Ligand SMILES: Nc1nc2c(ncn2[C@@H]2O[C@H](COP(=O)(O)OP(=O)(O)OP(=O)(O)O)[C@@H](O)[C@H]2O)c(=O)[nH]1
Ligand SMILES: [Mg+2]
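Numbering (the working numbering), first residue to last: 1035 to 1250.
Below is the structure:
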């Protein structure tokens, strides 16, 4: 039997926000800039983080990544092999990271050993939206291979994100998707105020613009 107490959901979110605030203050006290990458399964979050970290490393900026996954060490291993400091953060069966898990992950690293923290959230376009982690920016990553209706189906995560990224423009043609359709949906959703950043991690296209949008 599943009993939902009135107000319980609110308390969970309130507690998360409190810890997120503490995380943010902790990161700021060490001069660390941080981004939470949310998005669909397989959209290219790990690939994008690795590519961005390579570019930042070339400028002398040190990046640490937290790999958020339900189980396993696949993304953690990719981050480590790319030369980044990384922490593996398995949720067990939860479909999103939360601020408490990030607080625990931050206790495992030397906060003076890096300048930027990239957090890869668990892949899905629903649950992570409600759980801020205490980062400076929240980014949502989708890709052309998911079809052209992602923005129309998932308003919440796009509205909770500071920046929206559409990856895999290089293979849009192969799945009959017009990237402009997705970008127009996003522009409409945000009242014409925000543009969607398009990229192909594979071809190294559009990544510099994303870094600039994040203030690098
Ligand atoms: N063609 C193409 N493939 C890409 C691009 N970016 C990533 N991929 C491929 O897409 C697949 C998924 O990429 P990941 O980086 O693992 O995606 P993810 O969002 O981290 O996936 P999860 O962590 O499982 O949610 C891999 O096979 C990548 O090589 C791109 O720009 N173009
Ligand atoms: Mg990944």
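Beta carbons: idealized from backbone N, C-alpha and C, even for Gly.
None of the values given here were measured: they were computed from a predicted structure.
Alpha helix (DSSP H) segment containing residue i, residue limits
i: residue 1070; result: Residue 1070 -> not in any alpha helix (DSSP H); beta strand (DSSP E) instead, spanning 1067-1073.
i: residue 1137; result: 1133-1140
i: residue 1191; result: 1189-1193
Reduced DSSP secondary structure (H/G/I, E/B, other) of residue i
i: residue 1205; result: helix
i: residue 1151; result: strand
i: residue 1102; result: strand
i: residue 1119; result: strand
i: residue 1035; result: Interpretation of residue 1035 is limited by its pLDDT of 49, a score under 50 that renders its predicted location unreliable; the figure taken from the coordinates is listed afterwards. Here residue 1035 sits in coil by DSSP.
i: residue 1086; result: helix
i: residue 1243; result: helix
i: residue 1051; result: helix
i: residue 1212; result: coil
i: residue 1063; result: helix
i: residue 1200; result: strand
i: residue 1184; result: helix
i: residue 1143; result: coil
i: residue 1097; result: strand
Close beta carbons around residue i, own chain, < 6 Å, minus the five adjacent residues each side
i: residue 1232; result: 1200, 1203, 1213, 1240
i: residue 1132; result: 1050, 1165
i: residue 1188; result: 1159
i: residue 1018; result: No answer is possible for residue 1018: it lies beyond the span of the chain, which begins at 1035 and ends at 1250.
Limits of the beta strand (DSSP E) - the one that residue i falls within
i: residue 1175; result: 1171-1177
Integer-rounded CB distance, given that residue j should sit under 8 Å from residue i
i: residue 1070; j: residue 1173; result: 7 Å
i: residue 1098; j: residue 1119; result: 4 Å
i: residue 1206; j: residue 1224; result: About 21 Å; that fails the 8 Å criterion.
i: residue 1075; j: residue 1181; result: Actually they are not in contact, since the Cβ atoms of residue 1075 and residue 1181 sit about 13 Å apart, beyond 8 Å.
i: residue 1072; j: residue 1195; result: 7 Å
i: residue 1087; j: residue 1235; result: About 12 Å separates the two Cβ atoms, so there is no contact after all.
Residue i at chain C interface by Cβ criterion, 8 Å
i: residue 1144; result: Absent here is chain C; the protein component of the structure consists of one chain.
Contacts around residue i, its chain only, beta-carbon distance under 7 Å, and the 5 residues preceding and following it disregarded
i: residue 1250; result: 1090
i: residue 1167; result: 1054, 1057, 1070, 1131, 1133, 1136, 1153
i: residue 1146; result: 1064
i: residue 1095; result: 1149, 1150
i: residue 1219; result: 1185, 1186
If you measure from each residue's Cβ to the nearest non-hydrogen atom of ligand 2, which ones come out under 6 Å, in chain order?
The set of residues whose C-beta lies within less than 6 Å of a heavy atom of ligand 2 reads, in chain order, 1079, 1080, 1109, 1154.
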